[in-house]
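Chemist:
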Amino acid sequence: MTIKQLNYDFNNSEILRARQWSPTSWMCSTTDVIAGQTCTSGKNPKAPDPWLVTPLNFEVDYCLSQNTAEQCNLQYSFTILLIVIGCDIAKIVAMSATLFMVSEQPLATLGDAIASFLERPDPYTRGCCLMQQGQARQICRKSPWRWQSWNLGTKHLYQHANNTFAEKLGPGAAVWKQGVTRWFSAPSKSRWTVCGFLYTALLAASIAVLGLGIRDLRQVGIDTPFTQGFGSINPNAIFAYPATFSEEATNSTYSIIQTNKSQTLFADVITVNTPQLLFSTLYFVYNGLFTSMITATEWTQFATVRKALRVSEPRNGQRSTYWLQLPWKYSLPLLAISILLHWLVSRSLFIVRINVFGWDSNEQPDRDITACGYSPLAILIVIVILILSLFVVLVAGWQKLTPGIPVCGTNSVAISAACHYSYDGDSEVSCKPLLWGVTKLAENNSPGHCSMSDEDVKKPIEGMIYI
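For the sequence shown, UniProt numbering gives the first residue as 1, with consecutive numbering after it.
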């Protein structure tokens with residue numbers, strides 16, 4: 001761009017306005033820009049007469065353009081890099097401490113819990129073989145110091161039915177009732193609530209960002225926002241945090257230099273990475289829902305299929321755990337969705353760094369710009385995948401669990417109640433194929449008993465009492 005006045009300072013030529021970093025403001029009258037009016041690429045189909053630019057109203061004579069060599073470089077923030085290295089070191093220390101300092105055998109899988117309770121029965125759940133996970137959660141809300149008093153007298157927390165005869169037998173006696181239970185009953189209400197909150201928040205935020213982005217693009221004359229590229233930098237699809245400037249003006253020059261670049265850089269980094277953190281949290285909650293439901297499915301299968309336990313450290317007769325803690329048909333799609341969503345989020349919101357060069361191809365670092373870029377198409381795809389994944393988990397939760405066994409899910413209290421094979425425990429029974437059912441029949445007004453067992457068992461009978 002050449003101007004008629006010869007005393008213009010080309011080293012401080014204004015290309016981008018501070019307000020929203022509008023990349024088209026240089027084309028329009030300075031009066032319009034100062035008045036806050038939108039300057040679009042289609043506003044001036046031909047050059048205005050006179051064509052005035054910059055706050056000093058220099059008149060444009062004509063424009064020239066030339067191809068320049070592409071200049072590529074690697075840019076990073078030393079401060080942010082140190083923070084990342086520090087966090088990685090902390091993770092390594094925590095993982096090493098967990099690996100080498102924790103000697104107790106964890107109950108990482110359903111098989112670990114069953115094997116542990118068969119070998120070392122829990123005395124607090126003895127005589128409560130029909131305990132459901134819902135009842136166990138009520139007990140767990142109380143202090144552990146009150147479990148013994150519950151086991152002795154607070155029988156209303158466990159009774160399935162108001163049966164006088166059952167009450168006389170002991171606090172754990174219960175009447176077997178067959179019912180239809182679905183997958184969604186396995187995860188706790190709090191887990192479903194957290195998942196619903198995250199889905200609502202992420203969908204609302206994604207739709208809001210998409211709507212604001214489409215509005216801003218239309219303000220600069222772009223009516224087809226979804227054709228502006230997929231995750232690519234578009235000068236029109238950029239937003240920046242408020243910046244502070246120092247101004248210097250003379251009769252021939254007007255300089256604007258940003259003074260809080262480090263603060264805006266951190267703000268932009270936090271902005272583009274916060275969605276990654278939220279989507280990681282959503283993945284853990286989403287994976288937890290499926291883990292709970294599939295664990296409940298694996299548990300209920302012990303009512304009909306005799307099978308060996310999957311444990312973290314298998315012995316003879318036991319099986320190893322799944323590589324990702326879930327069967328391949330569930331773990332691989334979940335992992336793929338997580339990777340896809342994180343990649344799409346990185347294409348939806350990203351850091352934009354604009355280096356400004358003068359007419360003589362010399363860089364002007366004081367005028368460099370750091371901002372957030374966005375891609376409407378990528379954001380739209382993220383919204384679609386979020387809705388589809390929500391639909392998938394709801395459909396999965398509506399499936400029926402195998403009947404014939406109390407639903408324990410991942411609740412260790414309920415699992416322990418179903419694993420009283422013997423009074424003192426048996427270290428060998430956990431290495432054999434197991435089946436849950438009636439191990440002691442009810443006779444002579446005496447209740448029966450149900451447990452995991454390697455021996456022949458019967459199915460519990462509707463209306464019968466078991467302890």
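By construction, the Cβ of each residue, glycine as well, lies at the ideal position given by its N, Cα and C atoms.
With DSSP collapsed to three states, give me the class of phenylalanine 230.
Modeler: coil
Chemist: What are the boundary residues of the alpha helix (DSSP H) that histidine 342 is part of?
Modeler: 328-348
Chemist: Using a Cβ-Cβ cut-off of 8 Å (strictly less than) and excluding sequence neighbours within five positions of serine 453, which residues of its own chain qualify?
Modeler: Tyr421, Val429, Leu434, Leu435, Trp436, Gly437 and Thr439
Chemist: Helix, strand or coil, according to DSSP, for valine 175 in the structure here?
Modeler: strand
Chemist: How would you call tyrosine 158, buried or exposed, if buried means at least 16 neighbouring beta carbons within 10 angstroms?
Modeler: Residue placement at tyrosine 158 is poorly supported in this model, since its pLDDT is 43, which falls under 50; the coordinates are not used for a value here.
Chemist: Residues in its own chain within less than 6 Å of valine 311 by CB, not counting five upstream and five downstream?
Modeler: Gly111, Asp112, Ala115 and Gln318
Chemist: Do valine 285 and valine 194 have their CB atoms nearer than 7 Å?
Modeler: Here valine 285 is near valine 194, since their CB atoms are less than 7 Å apart.
Chemist: Nearest-angstrom Cα distance between cysteine 128 and valine 413?
Modeler: Distance from the CA atom of cysteine 128 to the CA atom of valine 413, rounded to whole angstroms, is 10 Å.
Chemist: Who are the Cβ neighbours of asparagine 234 in its own chain at under 6 Å, not counting the five residues just before and after it?
Modeler: Gln228
Chemist: Between proline 275 and the rest of its own chain, which residues show a CB-CB distance below 7 Å, the 5 nearest in sequence each way excluded?
Modeler: Val345 and Leu349
Chemist: Would you decide whether threonine 224 is buried or exposed? Buried here means 16 or more other CB atoms lie within 10 Å of its CB.
Modeler: Label assigned to threonine 224: exposed.
Chemist: Excluding five sequence neighbours on each side, which residues of the same chain lie with their C-beta closer than 7 Å to the C-beta of isoleucine 80?
Modeler: Val269
Chemist: Which same chain residues end up closer than 6 Å to threonine 300 when comparing Cβ atoms and leaving out the 5 residues on each side of it in sequence?
Modeler: Excluding sequence neighbours, threonine 300 sits near Leu401, Thr402 and Ile405.
Chemist: Flag this pair as yes or no: are the beta carbons of alanine 371 and isoleucine 238 separated by less than 7 Å?
Modeler: yes
Chemist: Among the candidates Asn73, Phe117, Gln178 and Asp424, whose CA atom is the shortest distance from the CA of asparagine 355?
Modeler: Asn73
Chemist: Which of helix, strand or coil does DSSP assign to leucine 265?
Modeler: helix
Chemist: Please return the same chain residues whose Cβ sits closer than 7 Å to the Cβ of leucine 380, not counting the five positions on each side in sequence.
Modeler: Leu210 and Phe226
Chemist: Which of helix, strand or coil does DSSP assign to threonine 321?
Modeler: coil
Chemist: How many Å lie between serine 149 and tyrosine 423 at the Cα?
Modeler: Model confidence at serine 149 stands at a pLDDT of 43, short of 50, so the residue's coordinates are unreliable and nothing is read from them.
Chemist: Closest to tyrosine 283 by C-alpha separation, out of Ala303, Gly196 and Gly397, would be which residue?
Modeler: Gly196
Chemist: Would you kindly report the start and end of the unbroken beta strand (DSSP E) that includes residue 482?
Modeler: Summary: the structure shown does not reach residue 482, with the chain confined to residues 1 through 467, and so no result is reported for it.
Chemist: Pull up the distance between the alpha-carbon of tyrosine 330 and that of serine 292, whole angstroms please.
Modeler: 12 Å
Chemist: Which same chain residues, not among the five before or five after leucine 130, have their C-beta less than 7 Å away from its C-beta?
Modeler: His160, Ala174, Trp176, Pro406, Cys450 and Tyr466
Chemist: I need the straight-line Cα distance from isoleucine 294 to leucine 202, nearest angstrom please.
Modeler: 25 Å
Chemist: Helix or strand or just coil, what does DSSP make of lysine 189?
Modeler: In the structure shown, lysine 189 sits in a helix (DSSP, three-state: H, G or I).
Chemist: Quick one: is leucine 309 buried, meaning 16 or more other Cβ sit within 10 Å of its Cβ, or exposed?
Modeler: buried
Chemist: When DSSP builds the beta bridges, which residues end up paired with alanine 371?
Modeler: Val352
Chemist: Straight-line CA distance for tyrosine 124 to arginine 182?
Modeler: 28 Å
Chemist: If we count the other Cβ atoms within 10 Å of its Cβ and call it buried at 16 or more, is leucine 326 buried or exposed?
Modeler: Counting Cβ neighbours within 10 Å, leucine 326 comes out buried, since at least 16 surround it.
Chemist: Do leucine 377 and phenylalanine 279 have their C-beta atoms closer together than 7 Å?
Modeler: no
Chemist: Using 10 angstroms around the beta-carbon of alanine 303, count the other beta-carbons present and answer buried if the total reaches 16, otherwise exposed.
Modeler: By the Cβ neighbour-count rule, alanine 303 is buried, with 16 or more other Cβ atoms within 10 Å of its own.
Chemist: Quick test of your reading: glutamine 120 and glycine 425, contact by CB under 8 Å. State the CB separation rounded to the nearest angstrom.
Modeler: Note on identity: in this sequence residue 120 is arginine, with glutamine being the wrong assignment. Correct: roughly 5 Å between the Cβ atoms.
Chemist: What is the DSSP secondary structure of leucine 198, reduced to helix, strand or coil?
Modeler: helix
Chemist: Can you tell me which of the three DSSP states isoleucine 238 falls into?
Modeler: In the structure shown, isoleucine 238 sits in a strand (DSSP, three-state: E or B).
Chemist: Verify whether the separation of the beta carbon atoms of glycine 409 and phenylalanine 184 is less than 7 Å.
Modeler: no
Chemist: Going by DSSP in three states, alanine 166 sits in which element: helix, strand or coil?
Modeler: With a pLDDT of only 38 at alanine 166, under the threshold of 50, the placement of this residue in the model should not be trusted; the figure read from the coordinates follows. Alanine 166: helix per DSSP, three-state reduction.
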